[in-house]
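For the sequence shown, my numbering assigns the number 86 to the initial residue and increments by one for each residue that follows. Built from N, CA and C at the ideal position, the CB exists for glycine as well. In what follows, a single structure is set out as structure tokens and then discussed.
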Amino acid sequence: MPDICCTIILSEELGERFDGVFGGLALTHGSGRTELNGRVADQAALNGVLKQVMDLGLAPSPPPTCGSCG
Numbered sequence: 086m087p088d089i090c091c092t093i094i095l096s097e098e099l100g101e102r103f104d105g106v107f108g109g110l111a112l113t114h115g116s117g118r119t120e121l122n123g124r125v126a127d128q129a130a131l132n133g134v135l136k137q138v139m140d141l142g143l144a145p146s147p148p149p150t151c152g153s154c155g
């Protein structure tokens, strides 16, 4: 099964201390928001990242954009 490529946008700007925390997704900070971009192995890994986000009291806004990496 191919990896899932996803973009998760958070309406909070997370500091650099969160780099590498979210399943290896790359973080882009700025303008009061954070983008998490990259590949996750499967749906379970994506759910794990989303759980980490929600455990921090954050929510994706808008919902994550995901699809096959091809």
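Starting from the Cα of S116, find the closest Cα among L110, D140, I94 and give me that residue.
I94
Assuming L143 and E97 are in contact, meaning their beta carbons sit under 8 Å apart, how far apart are those beta carbons, in whole angstroms?
So it is a contact: roughly 6 Å between Cβ atoms.
To the nearest angstrom, how far is it from the Cα of P145 to the Cα of V138?
8 Å
If we ignore side chains and look at the alpha-carbon of each, how far apart do F107 and A129 end up?
13 Å
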